[in-house]
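Residue numbers (this note's numbering), protein chains in the order written: chain A, 1 to 192; chain B, 193 to 384.
Protein chains: 2
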Amino acid sequence: MYDLFFQKLNEKISFTAEEQAIISSYLTTKKLRKKQYLLQEGDVCKTIAFVQKGALRAYSVNEKGVENVLQFALEGWIISDLYSFMTGEPATYYIDAIEDCELLLITKAAQEEVFAKVPKYETYSRMQITGAYLAMQKRITSLLSLSLNERYLNFINIYPNIVQRVPQHMVASYLGLTPETVSRIRKRLSAK
Amino acid sequence: MYDLFFQKLNEKISFTAEEQAIISSYLTTKKLRKKQYLLQEGDVCKTIAFVQKGALRAYSVNEKGVENVLQFALEGWIISDLYSFMTGEPATYYIDAIEDCELLLITKAAQEEVFAKVPKYETYSRMQITGAYLAMQKRITSLLSLSLNERYLNFINIYPNIVQRVPQHMVASYLGLTPETVSRIRKRLSAK
DNA sequence: TGATTTCATTGACTATTATCAACGTATTTT
DNA sequence: AAAATACGTTGATAATAGTCAATGAAATCA
Chain A
1 MYDLFFQKLN
11 EKISFTAEEQ
21 AIISSYLTTK
31 KLRKKQYLLQ
41 EGDVCKTIAF
51 VQKGALRAYS
61 VNEKGVENVL
71 QFALEGWIIS
81 DLYSFMTGEP
91 ATYYIDAIED
101 CELLLITKAA
111 QEEVFAKVPK
121 YETYSRMQIT
131 GAYLAMQKRI
141 TSLLSLSLNE
151 RYLNFINIYP
161 NIVQRVPQHM
171 VASYLGLTPE
181 TVSRIRKRLS
191 AK
Chain B
193 MYDLFFQKLN
203 EKISFTAEEQ
213 AIISSYLTTK
223 KLRKKQYLLQ
233 EGDVCKTIAF
243 VQKGALRAYS
253 VNEKGVENVL
263 QFALEGWIIS
273 DLYSFMTGEP
283 ATYYIDAIED
293 CELLLITKAA
303 QEEVFAKVPK
313 YETYSRMQIT
323 GAYLAMQKRI
333 TSLLSLSLNE
343 RYLNFINIYP
353 NIVQRVPQHM
363 VASYLGLTPE
373 TVSRIRKRLS
383 AK
């Protein structure tokens, strides 16, 4: 049932069967159909979601209605409005399903009980957020120092599976480009 | 001696005097003169540095010799090449002192012993990196969705103290702009 | 203190990408 | 199955920031 979830955990730290049983007891499952929201701006984000199946994105919408994609999540990834989750403040972005999804959810209260009962889970959690921090740092470096061509190439190198499953205009938004520009970059690249 | 350091810790979680004594015993101090390196590209980053006094920056240098500022750190902040620190791989960026600095250092081995002896310190560490992650997320949003004017204004709003202490061309680099562009933005803003 | 280097500003020019609009195709909805 | 919507591509144009170069001021160094 929770195979992928524990596979990911055990890649970083090994958990015993008992520990896994304790953790499991705090998880709930949720299915989302394509285009459904997991979270809407203004709601408080009550859970962190682990993706068992499907694809989601987190995005904000500015005054002019322009969408900015902050994050994608595929199988094995985690997605949440972490600021809202941590503070209880209303969310500043939306999370919705790009494909039909199966998720595992954990609430803040549940997470804290698991931290208390299975300290290794807090270590895992620290390592997980550290990894997310480092990935984000790479993204900033890519935004600051690469040409648009390199930025796109770098992206499809790191996330080949995203490019195949996500509409191009969302990728453009993630990269800070217009859809037209991504289309032209692809054209240039395919000409070579 | 370690006043500022424990002040920062206690803002998030309170530590007893004993706990603070244990943690202290794992810290070392280091002074840096302006322009000295804390870390050079290619070295393994052995420590995380807490800034007691002064200002530093982390930056990478590309093939053309262009510097890209990834991070600033002032009093009370933490700075490190976390990827190198975590993995033991050679650092991909430099850290140097913008002003004379006084630092507290903790090695990876020391950190792990402290995690074992004072579990709360791991909780603190998780919260600290989570905060850094969220700050970085805001920076990405600023890079993706704000006009250059707004980006500069947003920066001086969040970090007024950095603008006063750091050369303008480093701020420009942090914002992904040329020094000329920042100069023109400032001119435009002062005209209003 | 005088010399040297670093830094910020300004102007002229160029390259690049966003914007706007139109079109054809694919996908979704009813 | 037909209609409506969403998506990607292409072209023309405009706006914007980068590049290059020169200057003066400030900070650093010897």
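For every residue, glycine included, the Cβ atom is placed at its ideal position computed from N, Cα and C.
| request: Taking A:Ile-140 as the reference, give the member of B:Ala-364, B:Cys-293, B:Val-261 with the closest Cα. | output: B:Val-261
| field | Proximal residues, the segment 135-148 of chain A versus chain B, C-beta separation under 7 Å | value | Met-136, Gln-137, Arg-139, Ile-140, Thr-141, Leu-143, Leu-144, Ser-145
| task | Can you tell me the Cβ-Cβ gap for B:Ala-250 and B:Ile-287, rounded? I've got them flagged as a contact below 8 Å. | result | About 5 Å; that satisfies the 8 Å criterion.
| Alpha-carbon spacing of A:Thr-130 relative to B:Gln-320, whole angstroms | Taking the CA atoms as reference points, A:Thr-130 sits about 10 Å from B:Gln-320.
| said: To the nearest angstrom, how far is the alpha carbon of B:Cys-237 from that of B:Pro-282? | reply: 7 Å
| message | Determine whether the beta carbon atoms of B:Glu-259 and B:Lys-245 lie at a separation below 8 Å. | response | no
| task | Measure the alpha-carbon distance for A:Leu-38 versus A:Tyr-159 and round it to whole angstroms. | result | 23 Å
| query | So who's on the other strand from B:Cys-293, going by DSSP bridges? | reply | B:Leu-224
| How about B:Lys-312 and B:Phe-242: do their beta carbons lie closer than 8 Å? | no
| query | Taking the Cβ atom as the reference point for each residue, do A:Val-166 and A:Ile-23 lie within a distance shorter than 8 Å? | reply | no
| query | Based on the DSSP secondary-structure assignment, which residues constitute the bridge partners of A:Ala-58? | reply | A:Gln-71, A:Ile-95
| said: Using a Cβ-Cβ distance cut-off of 8 Å, determine whether B:Arg-318 contacts chain A. | reply: yes
| request: Could you have a look at A:Thr-123 and say whether DSSP puts it in helix, strand or coil? | output: Of the three classes helix, strand and coil, the one that applies to A:Thr-123 here is helix, per DSSP.
| Buried or exposed: where does B:Met-328 fall if 16 or more other Cβ atoms within 10 Å of its Cβ makes it buried? | buried
| task | Going by CA-CA distance only, name the one from A:Ala-109, A:Glu-180, A:Leu-177 that's closest to A:Tyr-26. | result | A:Ala-109
| field | Through-space distance from A:Lys-31 to B:Val-363, alpha-carbon basis | value | 45 Å
| said: Run through chain A and tell me which residues come within less than 7 Å of B:Ala-324, C-beta to C-beta. | reply: Within chain A, the residues near B:Ala-324 are Tyr-133.
| request: Could you work out which residue in A:Asn-161, A:Ile-156, A:Ile-162 is closest to A:Arg-186 when comparing CA atoms only? | output: Scanning A:Asn-161, A:Ile-156, A:Ile-162 for the CA closest to the CA of A:Arg-186 turns up A:Ile-156.
| task | State the CB to CB distance for the pair A:Glu-122 and B:Glu-314, rounded to an integer number of angstroms; the pair is presumed to be in contact (CB under 8 Å). | result | 6 Å
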